[in-house]
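Worksheet for the structure shown next.
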Amino acid sequence: MTSQTSPVPNIFGAMATTCWCINLLPQIWRNYRTKSTTGLPASMLVLWAASGALSSVYAYSQRFSIALILQPNSFAFFCSVSLAQCLVYERRRWRTRKAICLVVALVAAFGVVQTILILALRWAHRSGWPVLLIGAVACLLDLAGFLPLPFELMKRRGRIVGISFLFLGLDWLGFAFSLVALTTQHPFDLLFGTTAAICCAIWSGTVISHLTWLFRTRELRKCAKEAGLTFDQYEDGIYWQAQGLDVPRALRGFFSDKKRAGVTVEEV
181 MTSQTSPVPN
191 IFGAMATTCW
201 CINLLPQIWR
211 NYRTKSTTGL
221 PASMLVLWAA
231 SGALSSVYAY
241 SQRFSIALIL
251 QPNSFAFFCS
261 VSLAQCLVYE
271 RRRWRTRKAI
281 CLVVALVAAF
291 GVVQTILILA
301 LRWAHRSGWP
311 VLLIGAVACL
321 LDLAGFLPLP
331 FELMKRRGRI
341 VGISFLFLGL
351 DWLGFAFSLV
361 ALTTQHPFDL
371 LFGTTAAICC
381 AIWSGTVISH
391 LTWLFRTREL
401 RKCAKEAGLT
411 FDQYEDGIYW
421 QAQGLDVPRA
431 LRGFFSDKKR
441 AGVTVEEV
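Going by my numbering, the sequence shown wraps up at 448, each residue one higher than the last.
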């Protein structure tokens with residue numbers, strides 16, 4: 181690990197690690213309290229859990245501090261817990277015991293994969309590129325986890341649903357502190373610095389999207405409040421919200437219609 185002449189990178193790095201160790205706790209509590217994970221994509225949690233497992237391998241191979249090695253594992257574990265909540269609260273077919281078994285299985289699988297990769301990287305450490313490859317894949321998985329988010333926003337016309345704002349804020353702060361730590365150290369880690377900047381931009385765009393939704397629905401929410409109803413109970417609010425674009429559903433309908441048309445042509 182590169183030696184530092186300034187304490188600034190270590191201070192901001194510790195702040196980022198603290199944020200990322202606890203950022204998912206508010207989300208898990210919200211899921212449990214509301215018994216709902218609507219708007220929280222399960223695929224996002226799967227990709228983030230895998231990213232955390234690989235990030236820990238990268239941190240260990242680069243001889244980072246123990247905190248930086250444990251933090252991605254902590255994040256991967258909480259992602260697995262939140263994923264189990266998605267399966268229990270949304271799928272309904274999953275029982276709590278089955279979901280707990282899934283979390284245990286994921287943690288065990290991540291542990292096995294990490295052990296294999298660490299042993300393999302010790303043998304291939306001289307060439308350098310295998311470690312960089314692990315870091316690159318971890319960053320790509322982290323960014324890929326955000327892909328379902330725009331579709332959720334389009335479906336709800338820019339509204340954030342199912343995601344804890346406290347989780348969002350802590351995650352944003354983690355990336356921001358990490359970016360400050362990386363920019364004040366020498367040499368600058370381009371891979372993780374770019375990833376942190378992109379993630380900050382994505383979360384900022386998500387908040388702007390929700391603020392735009394609040395501005396556009398201000399009159400509807402005012403009318404709903406005067407009627408003694410919430411926005412989701414107000415008839416005009418329900419109608420307005422239903423005009424969102426559900427891209428996955430539209431694609432499924434398109435390919436389903438295309439398949440039915442093909443079957444009809446064959447029958448003729």
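All residues carry an ideal CB built from backbone N, CA and C; glycine is no exception.
Among the options, nearest to residue i - alpha-carbon criterion
i, options, result
"D426", "V268, K335, F372 and W209", "K335"
"I208", "R429, I280 and Q265", "Q265"
"W317", "L350, V387 and L371", "Per the sequence presented here, residue 317 reads as Val, with Trp not at that position. When each option's Cα is compared against that of V317, the closest is L371."
"T276", "K215, V226, L323 and V237", "K215"
"G325", "A407, L220 and V292", "L220"
"R429", "F331, A222 and I280", "F331"
"L353", "T392, A229, W383 and S262", "W383"
"N203", "A356, S389 and L346", "L346"
"I246", "L313, R339 and T198", "T198"
"P206", "S358, Q365, G349 and T410", "G349"
"A337", "C201, Y240, I191 and G417", "The sequence shown places Arg at residue 337, not Ala. The shortest Cα separation from R337 among C201, Y240, I191 and G417 belongs to G417."
"L359", "I378, L299, I343 and F244", "I378"
Collapsed DSSP secondary structure at residue i in the structure displayed
i, result
"T295", "helix"
"W274", "coil"
"F257", "helix"
"K215", "coil"
"T410", "coil"
"A264", "helix"
"S183", "Interpretation of S183 is limited by its pLDDT of 46, a score under 50 that renders its predicted location unreliable; no figure is taken from the coordinates."
"F422", "Contrary to the premise, residue 422 reads as Ala rather than Phe in this sequence. In this structure, A422 counts as coil in the three-state DSSP scheme."
"N190", "helix"
"L205", "helix"
"T386", "helix"
"T397", "coil"
CA-to-CA distance, residue j to residue i, given in whole angstroms
i, j, result
"K402", "L394", "11 angstroms"
"L301", "N253", "18 angstroms"
"L320", "S231", "8 angstroms"
"P367", "V268", "45 angstroms"
"Y414", "A422", "12 angstroms"
"A256", "A407", "44 angstroms"
"T375", "L323", "7 angstroms"
Exposure of residue i, with buried meaning 16 or more beta-carbon neighbours within 10 Å
i, result
"F290", "buried"
"T386", "buried"
"Y419", "exposed"
"A288", "exposed"
"R210", "buried"
"P189", "buried"
"G315", "buried"
query = Which ranges would you report for the alpha helix (DSSP H) in the segment 307-379 if only whole runs of at least 4 residues count?
reply = 309-324, 328-335 and 345-363
key: Residue ranges of each beta strand (DSSP E) within the segment 217-245, 3 or longer   = none
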